[in-house]
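**Q** Below you will find the structure I want to go over with you.
Numbering (my numbering), first residue to last: 53 to 342.
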């Protein structure tokens with residue numbers, strides 16, 4: 053959770069950033085934020101769980117190159133090295149180069165501290181929010197803050213439907229693999245019918261490697277026009293029918309995805325065809341073919 057508090061009337065000064073996590077009903081240190089700062093080498097140390105939960109008057113000051121933020125920080129500094137924030141004295145325990153003059157524990161502020169109107173509070177969730185959770189959050193905030201909170205209506209996705217969409221994509225993947233196998237088996241049948249033709253070509257000097265390359269090239273020539281035609285039929289006939297029931301299904305199949313599916317089908321088909329053609333060419337001797 054990210055809350056903003058106005059700590060000065062000076063124009064242009066950014067509000068205080070207060071980051072914390074609610075874990076098991078308690079306000080705790082925001083470990084994800086701390087981890088991100090540490091990974092990017094933007095912090096010397098962060099608040100401990102005890103400092104966050106007890107609301108100790110400790111602070112992390114800005115050590116970056118932004119002169120404006122440095123100026124805001126100087127306005128808070130006391131001669132003894134502490135900081136004066138909202139009438140309270142804070143001990144500096146470390147520094148950070150995040151875009152804030154100072155970071156302090158959320159619990160260190162008084163309960164009647166007002167949030168900054170222009171920013172307020174931001175909530176971040178690890179998992180997508182369901183409609184039930186969204187309504188419960190609205191009720192809780194309304195009970196605590198009354199008419200001081202504005203909670204706009206938002207479109208919440210039905211995750212059962214989203215699961216269905218993901219299932220449709222997965223089924224498409226299986227269909228793609230099945231189509232590639234089906235094409236390979238069909239082409240194997242064609243090769244079996246060409247045994248005598250192949251034998252004649254081999255007598256004329258055609259090697260198995262050149263024959264395999266010839267057959268693969270023939271497959272590519274067959275697939276290149278068929279794949280776009282199949283996708284056009286899917287786009288014009290299948291999707292409109294599905295969209296009558298699943299209104300968001302168009303967003304799952306933008307124009308770019310057809311190229312990816314087409315390339316994937318071509319690659320999978322060739323990967324399946326290579327061993328099929330190789331086995332068929334090696335299966336019988338020249339004498340048996342004749």
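Ideal Cβ positions, reconstructed from N, Cα and C, are used throughout, including at glycine.
Which class does residue 183 belong to by DSSP, given the choice of helix, strand or coil?
**A** Residue 183: helix per DSSP, three-state reduction.
**Q** Whose C-alpha, out of 104, 125, 242, is nearest the C-alpha of residue 271?
**A** Of the listed residues, the one whose Cα sits closest to residue 271 is 242.
**Q** Look up residue 260 in the DSSP assignment and say whether it is helix, strand or coil.
**A** Three-state DSSP puts residue 260 in a helix.
**Q** Can you tell which of 149, 154, 117 has the C-alpha that lies nearest to the C-alpha of residue 134?
**A** Here the closest residue by C-alpha is 154.
**Q** Go through its chain and collect everything with a Cβ distance to residue 339's Cβ below 6 Å, but skip five positions before and after it.
**A** For residue 339, the predicted structure reports a pLDDT of 48, less than 50, and the residue's modelled location is therefore unreliable. A value from the coordinates is still provided. Counting only Cβ-Cβ distances below 6 Å, and skipping sequence neighbours, we find nothing.
**Q** Which partner residues does residue 278 have in the DSSP bridge list?
**A** In the DSSP output, where bridge partners are listed per residue, residue 278 has none listed.
**Q** Within the chosen definition, does the segment 137–145 reach the segment 82–90 through at least 3 CB pairs nearer than 8 Å?
**A** Because the criterion of three Cβ pairs below 8 Å is not met, the segment 137–145 and the segment 82–90 do not touch.
**Q** Name, in chain order, the residues that DSSP records as bridge partners for residue 140.
**A** In DSSP, residue 140 forms a bridge with 137.
**Q** For chain C, check one thing: does any of its Cβ atoms lie closer than 8 Å to the Cβ of residue 147?
**A** Included in the structure is just one protein chain, with no chain C present.
**Q** CB residue 157 to CB residue 107, shorter than 8 Å?
**A** It is a contact, given that the beta carbons lie within the stated cut-off.
**Q** Does DSSP classify residue 146 as helix, strand or coil?
**A** The answer is strand: DSSP assigns residue 146 an E or B state.
**Q** Sorted by chain position, which residues of the same chain lie with C-beta nearer than 7 Å to residue 275's C-beta, five sequence neighbours on each side aside?
**A** For residue 275, where only same-chain residues beyond five positions count, the Cβ hits under 7 Å are 318, 321.
**Q** Suppose the cutoff is 8 Å on Cβ atoms and the five residues either side in sequence are ignored; what does the same chain contact list for residue 287 look like?
**A** The residues are 305, 310.
**Q** For residue 65, I'd like the list of residues in its chain whose CB is within less than 6 Å of its CB, leaving aside the five on either flank, ordered along the chain.
**A** Taken in chain order, the residues that qualify are 124.
**Q** Find the nearest neighbour of residue 128 within the set 116, 117, 144, judged by alpha-carbon distance.
**A** When each option's Cα is compared against that of residue 128, the closest is 144.
**Q** My output table needs one value for residue 71: the three-state DSSP class, helix, strand or coil.
**A** It is a strand residue.
**Q** Suppose the cutoff is 8 Å on Cβ atoms and the five residues either side in sequence are ignored; what does the same chain contact list for residue 332 look like?
**A** Hits under 8 Å: 240, 243, 244.
**Q** In the structure shown, what three-state DSSP assignment does residue 338 receive?
**A** Note that residue 338 scores a pLDDT of 49, beneath 50, so its modelled location is shaky; the value from the coordinates is reported in the next line. Note: residue 338 maps to helix in three-state DSSP.
**Q** My output table needs one value for residue 192: the three-state DSSP class, helix, strand or coil.
**A** Residue 192: helix per DSSP, three-state reduction.
**Q** Determine the closest residue to residue 261 out of 197, 200, 293, 326, with distance taken between C-alpha atoms.
**A** Selected option, being the one with the closest Cα: 326.
**Q** Do you know offhand how far residue 268's Cα is from residue 234's?
**A** Taking the straight line from one Cα to the other gives about 16 Å.
**Q** Could you spell out where the beta strand (DSSP E) holding residue 79 opens and where it closes?
**A** Segment 78–80, the beta strand (DSSP E) holding residue 79.
**Q** Should residue 57 and residue 168 be called a contact, given that it needs their Cβ atoms to be closer than 8 Å?
**A** Against a cut-off of 8 Å, the Cβ pair of residue 168 and residue 57 comes out as a contact.
**Q** Less than 8 Å separating the beta-carbons of residue 313 and residue 228?
**A** In contact: residue 313 and residue 228 (Cβ atoms closer than 8 Å).
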